[in-house]
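Asker:
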Amino acid sequence: MAEDKVVQIGKYKVQVIRSLCIGAASCLAFSPSTFVLDDQKRAVIQEDSKDTPENIYLAAQSCPTKAIIITDAKTNEKVWPK
Ligand code: SF4
182 MAEDKVVQIG
192 KYKVQVIRSL
202 CIGAASCLAF
212 SPSTFVLDDQ
222 KRAVIQEDSK
232 DTPENIYLAA
242 QSCPTKAIII
252 TDAKTNEKVW
262 PK
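Sequential numbering of the sequence shown, starting at 182, is according to my numbering.
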């Protein structure tokens, strides 16, 4: 099973808490280059994302279970969920 790894994308560090992910896939709609579903229908993060930080933020906001954690890569402050 994949770990809840943290991936830096631009100014953000992004993590999916896989135990919270229900495969709703709204994150894929907002950031298709960042999130994909694996064979367990849980989101995993792509290292070579081309999505903008704004779209990744929207993806995290769209997650019904708040499974996507965003942290400011410089300050380490949690940006989402608030
Ligand atoms: S929106 Fe949330 S629950 Fe749905 S696939 Fe993405 S991380 Fe998982």
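Where a beta carbon is used, it is the ideal one built from N, C-alpha and C, also for glycine.
Going straight from the alpha carbon of lysine 194 to that of proline 245, what length do you get?
Answerer: 20 Å
Asker: With which residues is isoleucine 203 paired in a DSSP beta bridge?
Answerer: Paired residue(s): none; isoleucine 203 is not in a bridge.
Asker: Of the residues Asp219, Gln242, Asn236 and Lys247, which one's Cα is nearest the Cα of lysine 192?
Answerer: Minimum Cα distance to lysine 192 is reached at Asn236.
Asker: Heavy atom of ligand 1 less than 7 Å from the Cβ of serine 212, yes or no?
Answerer: no
Asker: What is the residue span of the alpha helix (DSSP H) that alanine 224 lies within?
Answerer: Where alanine 224 is concerned, there is no enclosing alpha helix (DSSP H), although the beta strand (DSSP E) it sits in stretches over 224-226.
Asker: Leaving aside the five residues before and after threonine 256 along the sequence, list all residues of the same chain whose C-beta is less than 6 Å from its C-beta, in chain order.
Answerer: none
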